[in-house]
Amino acid sequence: MLAPLPALWLLLAAAFFVALLVRLVLGGAGLGVLDWLLHYGKTRSCCGPGPAWLRLGAVPKRWFTHFYVVSVTWNGFLLLLLIQALFLERPFPVWLRDLLGVLSGSSQNQGYEHLSAFLVLLLFWLHSLRRLTECLCISVFSNSVMHIVHYCFGLAHYIGIGLTVLCQVPVNVRNGNSLWMHISWYHILGISVYIWASIHHNRCHVILAKLRKNKSGNVVSLNHSIPFGDWFERVSCPHYFAELLIYVSLAITFGFYNLTWWLVVMLVLFNQALAAILCHEFYLTTFSSYPKHRKAFIPFLF
Numbered sequence: 001m002l003a004p005l006p007a008l009w010l011l012l013a014a015a016f017f018v019a020l021l022v023r024l025v026l027g028g029a030g031l032g033v034l035d036w037l038l039h040y041g042k043t044r045s046c047c048g049p050g051p052a053w054l055r056l057g058a059v060p061k062r063w064f065t066h067f068y069v070v071s072v073t074w075n076g077f078l079l080l081l082l083i084q085a086l087f088l089e090r091p092f093p094v095w096l097r098d099l100l101g102v103l104s105g106s107s108q109n110q111g112y113e114h115l116s117a118f119l120v121l122l123l124f125w126l127h128s129l130r131r132l133t134e135c136l137c138i139s140v141f142s143n144s145v146m147h148i149v150h151y152c153f154g155l156a157h158y159i160g161i162g163l164t165v166l167c168q169v170p171v172n173v174r175n176g177n178s179l180w181m182h183i184s185w186y187h188i189l190g191i192s193v194y195i196w197a198s199i200h201h202n203r204c205h206v207i208l209a210k211l212r213k214n215k216s217g218n219v220v221s222l223n224h225s226i227p228f229g230d231w232f233e234r235v236s237c238p239h240y241f242a243e244l245l246i247y248v249s250l251a252i253t254f255g256f257y258n259l260t261w262w263l264v265v266m267l268v269l270f271n272q273a274l275a276a277i278l279c280h281e282f283y284l285t286t287f288s289s290y291p292k293h294r295k296a297f298i299p300f301l302f
């Protein structure tokens, strides 16, 4: 039987998988009100004004920045506690141990993969820090909106990620002095994929931002345009694909075998695939000259 935390990730992944299937088979009409909740940003214009009671929950899409503020702060705090536990042999606070015990049940890791958990949390924190920097210094947000349900889900996601990683930490949280003796080939592979995916993730956000800036870097428009360059030559949403690869790279860093993290990857896969479909439909509907060879999400496949 799954512990509460992996069961929650499984439930969320299954929900988005069903929503994705319904959207592919029946279109937006099959999802009803849920379809309106799923649209955000530029894709919101494709689904009409929506019910009045739902419009009351609209918040600015630029609040995406809050996700990374919360992630950098919260997961940075958890990373600090993990570093203290590993290298200074300071146990986690009682409240955190109790919380992890509830979330992981009796399945908390009993092995010696301290290094994997440390690297995953560190890499995810660096990812959040980079995304926060991009939101503050690179991205140009329009006046588009998202629903507050989407906003709350995003906040919960980034809070849950750090707790998920700590649930994978062996209960004997020490051994920091010999931590690097446990480095393995999958750590190197995972970090390599992470760096590769992060580079393209950043490039894609830079390309999107430049669509609204002049050569001097000043914002001159908030309109939407067709992006070109890097992975945009193959898919409509390469930044979604790159983010999926980042989560996959962390699964590799865990040694491929961590079921809980693969459930997180499945959630990201279905969530991003659904968002990519909506974005792809927007491009096709809005721009008659949009490249027909581009897929929505995964090059050559989907």
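Sequential numbering of the sequence shown, starting at 1, is according to the UniProt record's numbering. By construction, the Cβ of each residue, glycine as well, lies at the ideal position given by its N, Cα and C atoms.
Using a Cβ-Cβ distance cut-off of 8 angstroms, determine whether residue i contacts chain D.
i	result
I138	Included in the structure is just one protein chain, with no chain D present.
What number of angstroms, rounded off, separates the C-alpha of residue i from the C-alpha of residue j?
i	j	result
L81	F92	7 angstroms
F67	L155	5 angstroms
I195	V219	29 angstroms
S104	W125	21 angstroms
G190	V120	9 angstroms
I183	V70	30 angstroms
L263	F300	24 angstroms
T260	L250	12 angstroms
R212	H200	19 angstroms
S288	F64	29 angstroms
I138	P6	35 angstroms
I83	F118	8 angstroms
W185	V248	16 angstroms
A296	H187	30 angstroms
V265	L244	7 angstroms
K210	F153	29 angstroms
L100	L122	19 angstroms
R97	G27	45 angstroms
L79	S198	20 angstroms
F232	A3	39 angstroms
L8	W95	21 angstroms
F228	R130	22 angstroms
F77	L12	26 angstroms
S221	M1	53 angstroms
V140	N214	12 angstroms
Quick check on DSSP: helix, strand or coil for residue i?
i	result
H127	helix
H187	helix
A58	strand
M266	helix
K213	strand
V70	helix
V145	strand
residue 312	Residue numbering for the chain in the displayed model covers 1 to 302; residue 312 lies beyond these limits and cannot be assessed.
residue 330	Residue coverage of the chain in this structure runs from 1 to 302, which leaves residue 330 outside it and unanswerable.
E89	coil
E113	coil
L274	helix
G13	Position check: residue 13 holds Ala in this sequence, whereas Gly was assumed. Looking at A13 - three-state DSSP - the assignment turns out to be helix.
H224	coil
P170	coil
S289	coil
Can you name the residues that DSSP bridges to residue i?
i	result
V193	BP columns for V193 are empty, so no partner.
V219	K213
V235	K295
Using CA coordinates, which residue listed in the options is at the minimum distance from residue i?
i	options	result
L179	Y257, F87, A58	F87
P60	G76, H187, Y151	Y151
A85	V169, I246, H293	V169
F302	E281, C167, F228	E281
V275	H224, L11, L24, L10	Reading off the sequence shown, one finds Ala at residue 275, where the question assumed Val. Closest by alpha carbon: L24.
M181	V193, A13, R130, E113	E113
W74	L115, I159, L12	I159
C135	T285, W9, R62	R62
S225	C279, L166, S192, G101	C279
S128	P291, I246, L26, A3	I246
K292	I298, R234, I252	R234
residue 328	L10, V72, I252	The structure shown has nothing for residue 328, since the chain only spans 1 to 302.
V193	P227, I252, C167	I252
T164	G229, S116, L222	S116
D230	R294, H157, R131	R294
V102	R90, L166, N223	L166
Give a single yes or no on whether residue i has its beta carbon closer than 7 angstroms to a heavy atom of the ligand SAH.
i	result
L267	No copy of the ligand SAH occurs in the structure displayed, which carries no ligand at all.
Do the region 269 to 288 and the region 10 to 28 touch if we need at least three Cβ pairs shorter than 8 angstroms? In short, these stretches touch, since the Cβ pair count reaches three.
Per the contact definition of three or more C-beta pairs closer than 8 angstroms, is the region 138 to 148 in contact with the region 244 to 258? Three or more Cβ pairs closer than 8 angstroms define a contact, and the region 244 to 258 falls short of that threshold against the region 138 to 148.
Decide if the region 195 to 211 is in contact with the region 223 to 240; the criterion is three or more beta carbon pairs, one per stretch, under 8 angstroms apart. Contact holds: three or more Cβ-Cβ distances are below 8 angstroms.
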